[in-house]
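Engineer: Below: one structure in structure tokens.
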Amino acid sequence: MNDRYGALVPIIGTLISAGIALVIAVPVSFGIATFLTELAPQWLKRPVGTAVEMLAAIPSIIYGMWGLFVFVPLFQEYVQPYLIDTFGQLPFIGMLFSGAPFGIGLFSAGLYWRL
């Protein structure tokens, strides 16, 4: 534990996890939009478009709780130990994967925000 107090540390953590979420979400959303408008056959556009609109209607807290109860245990057990062993020693990126694999680190938060 570091003895750091004040608002700067939570603000930096929020910005880092939001940045990770954006790096993941923007390419996926542009890919889906491009697929629906340019590549998808006419018979597939309507059902996939309706499914995307239905996903947008669900409140974000539901996705957050689902991520917390479904993805955190899976991420903690299978993904995070590998990421800590692989990327934990890198200079800047290592702080995203530092600590015990509880599934609630900065990288995990970025993934959950993305969902």
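FYI, our numbering numbers position 52 of the sequence shown as 42, with every residue one higher than the one before it. Ideal Cβ positions, reconstructed from N, Cα and C, are used throughout, including at glycine.
If I follow the unbroken alpha helix (DSSP H) through residue 53, where does it start and stop?
Structural biologist: Its alpha helix (DSSP H) spans residues 50 to 56.
Engineer: Is the closest heavy atom of the ligand FMN to the C-beta of residue 63 under 7 Å?
Structural biologist: Of the ligands one can find in the structure shown there are none, so the ligand FMN has no counterpart to examine.
Engineer: In this structure, how does DSSP classify residue 75 when only helix, strand and coil are distinguished?
Structural biologist: The answer is helix: DSSP assigns residue 75 an H, G or I state.
Engineer: If you check the beta carbons only, do residue 26 and residue 13 fall under 8 Å apart?
Structural biologist: Result no, Cβ atoms of residue 26 and residue 13 do not sit closer than 8 Å.
Engineer: Determine the DSSP secondary structure at residue 80, reduced to helix, strand or coil.
Structural biologist: Looking at residue 80 - three-state DSSP - the assignment turns out to be coil, as it is neither helix nor strand.
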